[in-house]
Amino acid sequence: MKIKISVLGSTRTYTDEEEFFIELDHMSTVSDVVQKIVEIKPDLQKVMKYLSISVNNTLVARSHQVADNDEVALFSRPGGG
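Per this note's numbering, the sequence shown starts with residue 158, numbered consecutively.
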């Protein structure tokens, strides 16, 4: 299945693209997406544990199952005090 990856905000400094596509087996989870992204864009490994992840504009857990043509967005968690 084909998944669109969007890299938002300051997270873009770790990749040369704002959007790209990955191919995964059916029955894959967000964890599988993360693993594939790190294989393709190893610089993201440095910050991956600090990023929020959404699927189709909804924050999800890494156990969430993805579907063909989903959009997965990676972005920095908002800071503040």
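Just so you know, even glycine gets a beta-carbon here, dropped at the ideal spot from N, CA and C.
- Annotation: Glu-175 is outside any beta strand (DSSP E) and is labelled neither H nor E by DSSP.
- For Val-190, the uninterrupted alpha helix (DSSP H) run begins and ends at 187 to 197, by DSSP.
- The criterion of a C-beta distance shorter than 8 Å is not satisfied by Lys-198 and Phe-178.
- Straight-line spacing of the CA atoms in Ser-209 and Glu-228 works out to 14 Å.
- Closest option to Ser-233, judged by alpha-carbon separation, among Lys-206, His-183, Glu-180: Lys-206.
- Scanning Met-158, Thr-172, Thr-186 for the CA closest to the CA of Val-217 turns up Thr-186.
- For Ser-220, the three-state secondary structure derived from DSSP is coil.
- Residues of the same chain with a CB within less than 7 Å of the CB of Asp-189, apart from the 5 flanking positions on each side, are Leu-181 in chain order.
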